[in-house]
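Oh and the sequence shown: position 511 is 511 in full-length UniProt numbering, straight run, nothing missing. Only one structure is covered here, and it is reproduced in the block below.
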Amino acid sequence: MTEPNLLLLLILLPFMGSVLAAMLPGNARNAEAWLSGAVTIVAFAIAIRLFPSVADGGVVRRQVDWLPELGLNFTLRMDGFAWLFTILIMGIGFLVVLYARYYMSPKDPVPRFFSFLLAFMGAMQGMVISGNLIVLAIFWELTSIFSFLLIGYWHHNAAARDGARMALTITGIGGLCLLVGLIIIGHIVGSYELDDVLASGNLIREHDLYVPALLLVLMGALTKSAQFPFHFWLPNAMAAPTPVSAYLHSATMVKAGVFLLVRLWPVMSGTDEWFFIVGIAGMTTLVLGAFFAIFQQDLKGLLAYSTISHLGLITTLLSFGSPLSAVAAIFHMMNHATFKASLFMAAGIIDHEAGTRDMRKLSGLFIFLPITATLAMVASAAMAGVPLLNGFLSKEMFFAETLEQHSGVWLDRISPYVATLAGAFAVAYSLRFIHTVFFGPKPVGLPREPHEPPHWMRRPIELLVLICLIVGVVPGMTVGPYLHAAVVSVLGDRTPEYSLSIWHGINLPLIMSVVALVAGVALYFLLRGYLATCEDGTPFLRNLKGQRIFERILVTISWRMARWMEANFGTRRLQPQLRLVVFLAFIAGLWPLFRAGFTPKVPTLAGVDPVFAAIWVVGGVCAIGAAHQAKYHRLAALVLMGGAGIATCLTFVWLSAPDLAITQLMVEIVTTVLILLGLRWLPKRIEEVDNSISATSRMRRHRDFALAVLCGAGMSVIAYAMMTNPLPYTISDFFLLRAYTEGGGTNVVNVILVDFRGFDTFGEIVVLGIVALTVFALLRRFRPASDSVGVPEQQRRQNEYDDAAEDREVGTTVHDYLMVPSVIMQWMFPVTILIAAYLFLRGHDLPGGGFAAGIAMAIGFLLQYLAGGTRWVEDRLRILPVRWIGFGLLMAAFTGMGAWLFGYPFLTSYFQYLDIPFIGKAPVASALLFDLGVFALVVGATVLILIALAHQSVRSHRVRAVEAAKVEEQA
Numbered sequence: 001m002t003e004p005n006l007l008l009l010l011i012l013l014p015f016m017g018s019v020l021a022a023m024l025p026g027n028a029r030n031a032e033a034w035l036s037g038a039v040t041i042v043a044f045a046i047a048i049r050l051f052p053s054v055a056d057g058g059v060v061r062r063q064v065d066w067l068p069e070l071g072l073n074f075t076l077r078m079d080g081f082a083w084l085f086t087i088l089i090m091g092i093g094f095l096v097v098l099y100a101r102y103y104m105s106p107k108d109p110v111p112r113f114f115s116f117l118l119a120f121m122g123a124m125q126g127m128v129i130s131g132n133l134i135v136l137a138i139f140w141e142l143t144s145i146f147s148f149l150l151i152g153y154w155h156h157n158a159a160a161r162d163g164a165r166m167a168l169t170i171t172g173i174g175g176l177c178l179l180v181g182l183i184i185i186g187h188i189v190g191s192y193e194l195d196d197v198l199a200s201g202n203l204i205r206e207h208d209l210y211v212p213a214l215l216l217v218l219m220g221a222l223t224k225s226a227q228f229p230f231h232f233w234l235p236n237a238m239a240a241p242t243p244v245s246a247y248l249h250s251a252t253m254v255k256a257g258v259f260l261l262v263r264l265w266p267v268m269s270g271t272d273e274w275f276f277i278v279g280i281a282g283m284t285t286l287v288l289g290a291f292f293a294i295f296q297q298d299l300k301g302l303l304a305y306s307t308i309s310h311l312g313l314i315t316t317l318l319s320f321g322s323p324l325s326a327v328a329a330i331f332h333m334m335n336h337a338t339f340k341a342s343l344f345m346a347a348g349i350i351d352h353e354a355g356t357r358d359m360r361k362l363s364g365l366f367i368f369l370p371i372t373a374t375l376a377m378v379a380s381a382a383m384a385g386v387p388l389l390n391g392f393l394s395k396e397m398f399f400a401e402t403l404e405q406h407s408g409v410w411l412d413r414i415s416p417y418v419a420t421l422a423g424a425f426a427v428a429y430s431l432r433f434i435h436t437v438f439f440g441p442k443p444v445g446l447p448r449e450p451h452e453p454p455h456w457m458r459r460p461i462e463l464l465v466l467i468c469l470i471v472g473v474v475p476g477m478t479v480g481p482y483l484h485a486a487v488v489s490v491l492g493d494r495t496p497e498y499s500l501s502i503w504h505g506i507n508l509p510l511i512m513s514v515v516a517l518v519a520g521v522a523l524y525f526l527l528r529g530y531l532a533t534c535e536d537g538t539p540f541l542r543n544l545k546g547q548r549i550f551e552r553i554l555v556t557i558s559w560r561m562a563r564w565m566e567a568n569f570g571t572r573r574l575q576p577q578l579r580l581v582v583f584l585a586f587i588a589g590l591w592p593l594f595r596a597g598f599t600p601k602v603p604t605l606a607g608v609d610p611v612f613a614a615i616w617v618v619g620g621v622c623a624i625g626a627a628h629q630a631k632y633h634r635l636a637a638l639v640l641m642g643g644a645g646i647a648t649c650l651t652f653v654w655l656s657a658p659d660l661a662i663t664q665l666m667v668e669i670v671t672t673v674l675i676l677l678g679l680r681w682l683p684k685r686i687e688e689v690d691n692s693i694s695a696t697s698r699m700r701r702h703r704d705f706a707l708a709v710l711c712g713a714g715m716s717v718i719a720y721a722m723m724t725n726p727l728p729y730t731i732s733d734f735f736l737l738r739a740y741t742e743g744g745g746t747n748v749v750n751v752i753l754v755d756f757r758g759f760d761t762f763g764e765i766v767v768l769g770i771v772a773l774t775v776f777a778l779l780r781r782f783r784p785a786s787d788s789v790g791v792p793e794q795q796r797r798q799n800e801y802d803d804a805a806e807d808r809e810v811g812t813t814v815h816d817y818l819m820v821p822s823v824i825m826q827w828m829f830p831v832t833i834l835i836a837a838y839l840f841l842r843g844h845d846l847p848g849g850g851f852a853a854g855i856a857m858a859i860g861f862l863l864q865y866l867a868g869g870t871r872w873v874e875d876r877l878r879i880l881p882v883r884w885i886g887f888g889l890l891m892a893a894f895t896g897m898g899a900w901l902f903g904y905p906f907l908t909s910y911f912q913y914l915d916i917p918f919i920g921k922a923p924v925a926s927a928l929l930f931d932l933g934v935f936a937l938v939v940g941a942t943v944l945i946l947i948a949l950a951h952q953s954v955r956s957h958r959v960r961a962v963e964a965a966k967v968e969e970q971a
């Protein structure tokens with residue numbers, strides 16, 4: 001397989017593995033682990049295979065055209081920096097999978113865990129190798145969604161639900177800001193391709209929109225990497241299973257923000273705005289995260305705040321804007337991933353074996369867990385920056401960079417002191433982790449008797465700690481080439497000379513390290529007595545918790561503001577909301593015409609066919625009558641509305657648009673019947689009790705009537721102007737000339753829907769599927785108002801017959817009031833299917849198509865429900881509308897993706913004439929498969945709504961029967 005195709009496989013493998021994992025049975029614990037491990041190992045091997053191509057600044061690209069006219073292409077791009085993150089994602093991902101196999105309980109829904117984990121892995125992988133800004137934003141949001149699912153995996157736990165909601169809210173808002181910022185950058189550059197953006201640094205920095213773009217991009221990056229003031233969501237995400245925490249904190253979720261900062265560092269850094277915003281956020285996070293970590297009583301809480309602090313260290317380095325600081329930032333990303341993943345896994349082992357993570361209850365565990373304790377001590381020392389470990393090297397580079405002069409302002413001058421203070425705090429919380437948990441007296445009253453875990457559960461920690469040691473002793477021979485590949489891909493010609501030597505002599509950075517070590521040890525022993533008994537939290541700031549502030553903000557927005565808006569703008573009636581929407585639409589349509597000085601021609605009656613005019617008069621009368629009767633008789637209003645629809649259908653026929661006429665007729669039938677079935681669930685109208693209300697009501701109706709006339713007249717003017725003003729070249733000419741030559745069909749409307757505007761159609765059917773599922777979900781929980789219409793006499797008799805048939809175990813139900821129509825409707829089912837197939841197959845050249853055929857097929861099911869009743873139909877037919885919807889979406893999507901296999905943009909249609917035996921030449925177009933997806937989804941969506949209404953009727957009958965039985969018993 002070629003290297004560009006390997007990039008595509010890197011993303012597809014985790015997502016395909018996620019789907020397979022979700023399908024495995026709940027007790028397939030080993031199979032889930034083997035599947036997930038195989039996916040990560042194969043992806044890791046692919047990354048190793050690609051290293052020679054990116055080692056010296058090379059780039060591997062794979063571009064799949066999506067919407068090339070808009071600059072939106074599915075571009076994958078791997079350079080040395082993306083390769084480094086791929087190794088972290090897949091390498092640590094494999095270790096997390098191995099660890100999770102022994103950590104997760106057999107009682108947990110393991111398929112769901114591994115499915116979410118693999119999907120998150122795929123989203124993260126897609127983000128790091130995205131070569132298009134919009135594609136990057138899509139994968140960015142996917143990481144937020146799947147991290148939400150992982151954090152809330154134990155959804156029965158309130159803390160997990162709250163932590164997941166907080167993480168999704170904060171990172172989701174940041175993601176929306178990032179999307180806008182990336183769109184602005186694409187506008188500045190004139191392209192969304194990452195290569196073009198990275199080559200336009202001066203253009204971006206000198207543009208007037210640089211500051212808005214910078215603020216929006218930083219909003220996305222700082223929220224994702226939990227930087228101040230958005231740091232509070234990360235500790236609350238500790239309710240996730242420990243394997244999730246280890247993965248999110250080391251190689252993936254929280255690293256996404258600093259990854260983005262490094263990725264855009266060449267084009268957005270080097271300005272005062274960048275230095276102050278990123279620098280203040282980074283330094284504040286560096287110190288506060290380390291300070292808060294000292295006072296945490298939960299092991300994972302301590303590690304969470306330490307992660308925040310180390311991310312602040314990376315952010316601070318990137319704020320300086322010097323090439324050497326970028327090198328140090330990339331190096332520390334690698335080091336932090338190794339020691340933090342191992343520490344979280346060690347914390348998970350302690351919790352798993354001892355039954356608690358509360359450090360006030362833990363002590364002396366070295367006796368029970370000697371190997372785990374040794375590994376955790378080495379990893380903690382690396383986190384503290386002890387010499388001969390990898391954390392020391394990048395910390396020394398950080399100290400050295402703080403001593404350099406970057407801008408000369410106060411923020412630059414205080415950075416060495418801030419770095420030393422944060423280093424002392426890091427030593428203090430690292431020492432506390434080691435000393436409190438593993439030394440001291442034997443623990444008393446632990447939920448479990450601690451002992452070493454299975455050796456395969458400990459293997460990932462051993463490997464990661466070994467890396468910390470080897471990199472700390474011989475960094476140049478181990479990570480030197482890989483770090484160089486990442487640095488060159490980011491800095492290019494600006495790559496500086498740097499050294500990974502362990503010893504640089506006695507210099508100021510070394511003195512800062514010694515001061516931090518001594519001060520950190522002294523600080524811990526000074527606070528040791530207080531820390532042993534204090535509450536979980538930080539002194540002086542215990543009540544100033546980010547979670548509490550977040551909850552209050554949400555309450556203010558969702559409750560107080562909502563109550564205010566409801567009090568001022570809310571109403572029990574639908575008309576005021578509709579009135580506002582219609583009025584705003586009228587202004588929005590009128591304003592451009594007014595600015596353009598539009599003056600329509602005065603219409604004349606010359607050449608108007610009296611029959612056509614009569615159709616319009618009838619349609620207008622029906623529409624006005626429906627609006628009038630809606631206040632008095634809903635059934636009459638529905639009939640009149642159907643008359644207006646038929647007039648519209650005849651108009652399409654008159655104006656030579658049979659395709660639209662067929663679709664309109666089918667839609668009228670289905671919507672009329674569905675609305676008719678739902679009429680009885682509507683509550684009674686609010687009666688007007690006095691003359692003042694009646695007068696107000698009359699004024700309101702006059703106002704609504706005037707607004708309706710204005711909007712109707714405005715649409716008429718626009719339509720008349722478009723049809724009467726001669727234009728040299730219209731959009732219809734474009735489609736008429738190209739429908740057959742480029743789309744392979746003579747039915748221009750259908751060719752537009754499935755070929756020229758296929759992407760729009762795909763989006764519309766996605767929306768239709770979502771709407772159908774939403775309606776179904778709402779109707780499942782819907783309970784009719786107490787004043788809704790009772791069960792009609794016919795339905796009561798039908799239900800009685802159905803119940804009697806069930807009691808007699810008879811295969812059919814006979815309805816005396818619908819005997820002949822029901823038999824005819826049942827016989828019509830095969831005919832309806834045949835008509836639907838006929839409309840579908842002829843759609844590309846003659847009136848018809850997938851949408852009209854889908855509606856026709858749905859009418860066939862609708863007739864069966866009307867004729868036989870819900871239970872009768874579902875005893876004989878397995879419709880499964882949700883699967884129809886899923887099949888339709890997959891068919892449409894795979895048809896579009898099939899064009900990629902031949903190097904064409906998404907949904908590019910192909911047609912050819914084939915010689916069929918005994919038939920001759922016949923046109924065959926790939927758009928037929930796309931139309932099949934439309935057909936299946938329309939059938940599923942329509943029938944799903946029908947089934948929801950039908951089940952509501954059955955449920956209502958049962959409820960009323962139970963109530964009647966209770967009344968009889970009481971009597």
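Cβ coordinates follow ideal geometry from the N, Cα and C atoms, glycine included.
{"Check": "Among L182, A239, P241, whose alpha-carbon lies nearest the alpha-carbon of P212?", "Outcome": "L182"}
{"Check": "Cα separation between T2 and L8?", "Outcome": "10 Å"}
{"Check": "For L8, which three-state DSSP category applies?", "Outcome": "helix"}
{"Check": "Below 8 Å between beta carbons: does that hold for L362 and T356?", "Outcome": "yes"}
{"Check": "Report the rounded CA-to-CA distance for Q952 versus R29, giving the unit in angstroms.", "Outcome": "40 Å"}
{"Check": "Helix, strand or coil for R757, going by three-state DSSP, please let me know.", "Outcome": "coil"}
{"Check": "Less than 8 Å between the beta carbons of G678 and L928, yes or no?", "Outcome": "no"}
{"Check": "Measure the beta-carbon distance from residue 995 to A836 and round it to whole angstroms, keeping in mind my assumption that it falls under 8 Å.", "Outcome": "The chain is shown from 1 up to 971; residue 995 falls before or after that span and cannot be answered."}
{"Check": "What do you reckon, are the CB atoms on G163 and A239 nearer than 8 Å?", "Outcome": "yes"}
{"Check": "Could you tell me the alpha carbon to alpha carbon distance between L226 and I434, rounded to whole angstroms?", "Outcome": "According to the sequence provided, residue 226 is Ala. The question's Leu does not apply to it. Those two C-alpha atoms are separated by around 25 Å."}
{"Check": "If you reduce the DSSP assignment to three classes, tell me which class S732 lands in.", "Outcome": "helix"}
{"Check": "Is H332 near F230, with beta carbons less than 8 Å apart?", "Outcome": "no"}
{"Check": "So, at 7 Å on beta carbons, what are the nonlocal neighbours of Y865 in its own chain, with the 5 sequence-adjacent residues on each side left out?", "Outcome": "V873, L946, A950"}
{"Check": "Have a look at T741 and F911 and give me their C-alpha separation to the nearest angstrom.", "Outcome": "10 Å"}
{"Check": "Could you tell me the distance, in whole angstroms, from the CA atom of N73 to the CA atom of V135?", "Outcome": "8 Å"}
{"Check": "Can you tell me whether DSSP reads V96 as helix, strand or coil?", "Outcome": "helix"}
{"Check": "Considering only C-alpha positions, which residue in the set T648, R360, R700 is nearest to G440?", "Outcome": "R360"}
{"Check": "I think M283 touches V418, with their Cβ atoms under 8 Å apart; what is that distance to the nearest whole Å?", "Outcome": "5 Å"}
{"Check": "Could you tell me if Y530 is buried or exposed, where buried requires 16 or more neighbouring beta carbons within 10 angstroms of its beta carbon?", "Outcome": "exposed"}
{"Check": "What does DSSP give as the partner residue(s) for Q63 in the beta ladder?", "Outcome": "T75"}
{"Check": "Report yes if the C-beta distance between Y524 and R432 is below 8 Å; otherwise report no.", "Outcome": "yes"}
{"Check": "Quick one: what's got a C-beta closer than 6 Å to V479's C-beta in the same chain, skipping five residues either side?", "Outcome": "V471"}
{"Check": "Taking T143 as part of the alpha helix (DSSP H), name the residues at either end of that continuous run.", "Outcome": "133-151"}
{"Check": "Would A167 and A82 be called neighbours here (beta carbons separated by less than 8 Å)?", "Outcome": "no"}
{"Check": "If you draw a straight line from the C-alpha of D196 to the C-alpha of H844, how long is it?", "Outcome": "40 Å"}
{"Check": "Considering only the beta carbon of each residue, do A469 and L393 sit closer than 8 Å?", "Outcome": "Correcting the residue identity first, residue 469 is Leu in this sequence and not Ala. Not in contact: L469 and L393 (Cβ atoms no closer than 8 Å)."}
{"Check": "Helix, strand or coil, according to DSSP, for Q912 in the structure here?", "Outcome": "strand"}
{"Check": "On the three-state DSSP scale, how would you describe S697?", "Outcome": "helix"}
{"Check": "DSSP on G811, reduced to helix/strand/coil?", "Outcome": "Caution is warranted here: a pLDDT of 43 is assigned to G811, below 50, making its placement in the model unreliable, and no coordinate value can be reported."}
{"Check": "Bridge partners for E193 per DSSP, in chain order?", "Outcome": "N132"}
{"Check": "Over the uninterrupted alpha helix (DSSP H) stretch that includes D272, give me the two end residues.", "Outcome": "272-294"}
{"Check": "State buried or exposed for residue 972, treating a residue as buried only when at least 16 other CB atoms are found within 10 Å of its CB.", "Outcome": "Residue 972 falls outside the range modelled here, since the chain spans only 1 to 971, and no answer is possible."}
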